[in-house]
Structures are given as structure tokens and as C-alpha cells.
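Before any comments, here is the structure.
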Amino acid sequence: MSWLHLVVFGLLLPETQALLRFGCGQLVTQRFDPLVTPGQVSPHVHQIVGGNAFNLTMHPDLDVPGIATCTTCRFKEDKSNYWTAVMYFKHANGSFARVPQIPNHFTGEYNGGMTVYYNQRPSGNPRVTAFPKGFRMITGRPMDRTNRNFPNTQGEAWALSFRCWQTTGPYDYSNSHAIGPGPFDSINLPNRVCPGGIRSNTFFPTCWDGVNIDSPNHASHVSFFESPADPNVGLFLQDGTCPESHPVKLPQLFFETVWDTRPFNSMYPTDGSQPFVLSMGDPTGYGHHGDYLFGWEGDSLQRAMDNCLDMFGRPADCKELTLISDEEMNSCTLKPQVDERVEDGYLPALPGCNPIQRGPESATMIKDCTAVSTIGVAATPVARGAEVNEAQVTPSP
């Protein structure tokens, strides 16, 4: 999303809108998901950003900001973790190459990662409540292989989507156009070549039951708002009424992940099918999902929500928080702990046991999976931040 888009929203909305918008570099890429499979290696690969306290369990009682010694995110106080599935390119010979991530516009020169937003609602009453210690949640359903067909006016309709960039320019209409119905977004993975790359959009629910920091499915303790969304301006910065069951208004958490699909544009299948697949064996994109684990220091996020009222979300304008440099963000890393290769060249299969499952029925877990299921000395990680070109992603005969 570009500054132009934010300017347009500022003109359209009747009340002042405030947000934080900042980059987070790559922390690690591996099969960990401490929300869904705590203490066990995850069935599929995730790309994780944020604080280096991230581990296989992440118990709710863990003092995340107290344990973390660094973060890949722009604000020093943010030791939270944010993660999504990984995108792979499926070559005609059946092998897979991890699609690299690149920084979003106007967020810095960090390694990979994604852009994180904490948006305030246009109607500033009631007050937006920061997430409490131990809070975590998931948006999306990784086993979905068909569109759930929410009405366009429902808040959840465009919570998860993909933007097909026509260029890499920040002011190109394919970047600044509102998220939602239109010529550039789709709920499924784009079925055409995207000359500038693909950006995945990941919105989380904004209403909380006010009691539980988690739930068995990591989703029922939160809810999307009930009031109709305006399909002409998308879900971003929309206001709405929280249901009685979930009365507490939270910041609107939103990820943008830019997948640099450009090196693969000349390698599309001749039959016109799209060649990308998410790491859980999803070639449709309907299983796109995101995970969040709160880890802000003290009351820093609440102070930012109360006092950082810049409509553009510029990190430097939030005086409540401490900025760190690209170099500091890039120096914060974790070594993968699952002894397998998940990137760096072509792989014979998706890591874990994730055969392509096209649906429309929901995907199923593979029984008797023989993939690595313990942690130990990891495979040598790929050097991050390197340029990728077509020669590097073309497999050997």
C-alpha cells in the first residue's frame, strides 16, 4: 500500500485515522508454528518475523519481551512474532523453489520480511485497546481449497487476498488501489502473470471477547466487525460495530507480504495455469493464513495507540517508540532448528508432507508422514538479502 493510498483514505474518511506502518525483516524460515503445533515441528513451512524469543512452544506465560534480545521489526519495543505460510514456484519438472520476499515501498532496506500495520478505527470511541500479554490469534484456514464466498460488504470478505502488481512503482495504480473488489485483487492466487510481483494481504479480526487471550482454534476469542464494509474502498481502515459477544475493539492488525515472483515470470506453464503454491500444498491460495503472537514491551503499544495519531503511519512520527536501523533489524536472526532444506535452489518436494491438494474439498493431513519431526542441528541456511535472477532459479537438466 502506498502513501498515495493513505492520502486518499485521509480525504475520504470523515474522521481522523491513525495507524502505525512499519517493516519487519526475516527472522527465520522453518517448520515451526507454536500456536497450532506447540512443542512439535509444524506440518508446513512458515516465514517468521519479529523478536528472537520465538521458539517451538511459546507458552502464554512466557515473558516474550523480557526474553527477546532483539527484533527484526522497526520499533525496538516490538518483540512480537508475525508469520505466514511460504510461497513456492512449482517448475514444470515437478521441483519447487522458494519465492523470495522483498521490502514493501517506503519501509527500508531490510531482508525479506513484510510490512505490519496497527490501524485505529475512524470512530475513536470506544478507545482502541492494545492486545494483552500472552495474546495470540490466527486468521484464515490453511486447509481451505475453495472460496468461502462471503458477501463483498462483509468485513471478512477480503480479509485474505492477493494483489497482482503491474509494476514495482509505489505510485502505480496496481499498488495504490484499495484492497478488495477491483482489477488487481483476488481471493485466490492470481491466475495471470504479475509483472511487478504478488503482494499477499492478511487482515486479522478487530473485536475481542475481553477475557481469553487464546481459544482452542486460536480464532473464536476474536471476531470481525458486524457493520457492512464499503466494497468501493476495501477493508483497510474500515470502521464497524463489534458483536455483543466480542465487545472490545482491538487495533486492526494487517500484514502485507511482497513475494518477488518476477524471476519466474518467463517460466509460466504453457497451458496458462498459475505455477505458485503455498507451503501447505495449496495451489489455490484459499488456504492463505497468518499468525500473531503479542510481544510488545510494557504498555508501549497502548501508548502508541493513544498518542501516535499520524494518518500516514510513519514510524519517525511516533515519539512514544524507539526506532532501530535496517542494520539492527538485519542483524537479528535465528538459526533454523529443523534439519532440512526449505530454500536455496530447487527442492524435490515441499518440506514436510504436503502434496498438492487442489480441492475443492478441504485438504487433509498425510498419515504416516516420514518428514523430519524433531529439532536439531539445522541445514545451512541460505544467505539472506541476495538478489535472485532467472539463472539462479532455473533447475539443472
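Sequence positions in the sequence shown follow mature numbering (1 follows the signal peptide of the UniProt record, and there is no 0) and run -18 to -1, 1 to 379. Backbone N, C-alpha and C fix where the C-beta goes; we use that ideal spot for every residue, glycine too.
With DSSP collapsed to three states, give me the class of residue i.
{"i": "Arg109", "result": "coil"}
{"i": "Thr183", "result": "The sequence as given places Asn at residue 183; Thr does not occur at that position. Three-state DSSP puts Asn183 in a strand."}
{"i": "Ile195", "result": "coil"}
{"i": "Gly33", "result": "strand"}
{"i": "Ser205", "result": "strand"}
{"i": "Phe4", "result": "strand"}
{"i": "Phe14", "result": "coil"}
{"i": "Thr376", "result": "In this predicted model, Thr376 has a pLDDT of only 47, less than 50, meaning its place in the structure is not dependable enough to derive any value."}
{"i": "Pro88", "result": "Checking the sequence shown, residue 88 turns out to be Phe, not Pro. In the structure shown, Phe88 sits in coil (DSSP, three-state: anything other than H, G, I, E or B)."}
{"i": "Val230", "result": "strand"}
{"i": "residue 441", "result": "Outside the modelled stretch of the chain, which goes from -18 to 379, sits residue 441, for which no answer is possible."}
{"i": "Phe237", "result": "strand"}
{"i": "Asn173", "result": "coil"}
{"i": "Asp288", "result": "helix"}
{"i": "Asn247", "result": "helix"}
{"i": "Leu9", "result": "strand"}
{"i": "Leu283", "result": "helix"}
{"i": "His28", "result": "strand"}
{"i": "Cys189", "result": "strand"}
{"i": "Leu(-7)", "result": "Bear in mind that a pLDDT of 47 at Leu(-7), under 50, signals an unreliable position, so the model cannot answer this."}
Would you grab the beta carbon distance between residue i and residue j for me? Rounded to a whole angstrom, and I think it's under 8 Å.
{"i": "His73", "j": "Tyr328", "result": "7 Å"}
{"i": "Thr239", "j": "Met96", "result": "4 Å"}
{"i": "Arg285", "j": "Glu302", "result": "4 Å"}
{"i": "Ala298", "j": "Leu305", "result": "7 Å"}
{"i": "Tyr268", "j": "Arg127", "result": "6 Å"}
{"i": "Gly178", "j": "Ser156", "result": "7 Å"}
{"i": "Thr54", "j": "Met311", "result": "5 Å"}
{"i": "His270", "j": "Leu260", "result": "7 Å"}
So what does residue i bridge to, in DSSP terms?
{"i": "Tyr70", "result": "Arg80 and Val259"}
{"i": "Thr53", "result": "Gly33"}
{"i": "Gly254", "result": "Paired residue(s): none; Gly254 is not in a bridge."}
{"i": "Leu275", "result": "Asn63 and Arg118"}
{"i": "Asp264", "result": "Leu260"}
| Below 8 Å, can you find three or more Cβ-Cβ pairs linking the region 272 to 281 to the region 38 to 56? | yes
| field | Ordered list of alpha helix (DSSP H) runs contained in the region 92 to 167, each at least 4 residues | value | 155 to 158
| Can you list, in chain order, the stretches of the alpha helix (DSSP H) that have 4 or more residues and sit fully within the region 294 to 364? | 308 to 313
| said: Does the structure place the region 30 to 41 close enough to the region 11 to 18 that three or more beta carbon pairs sit under 8 Å? | reply: yes
| query | Taking one C-beta from the region 182 to 198 and one from the region 221 to 232 each time, how about it: are there three or more such pairs within less than 8 Å? | reply | yes
| Are the region 112 to 119 and the region 147 to 162 touching by the rule of at least three beta carbon pairs closer than 8 Å? | no
| Any contact of the region 118 to 138 with the region 194 to 209, i.e. 3+ C-beta pairs under 8 Å? | yes
| query | Can at least three beta-carbon pairs, one atom from the region 163 to 170 and one from the region 63 to 79, be found at a separation below 8 Å? | reply | no
| said: Could you check whether the region 131 to 148 touches the region 157 to 166, counting it as contact only if at least three pairs of C-beta atoms, one from each stretch, sit closer than 8 Å? | reply: yes
| request: May I ask you to verify whether the region 81 to 98 touches the region 349 to 359, counting CB pairs closer than 8 Å and requiring at least 3? | output: no
| request: Would you check if the region 315 to 323 and the region 335 to 350 touch, i.e. whether three or more CB-CB distances between them fall below 8 Å? | output: no
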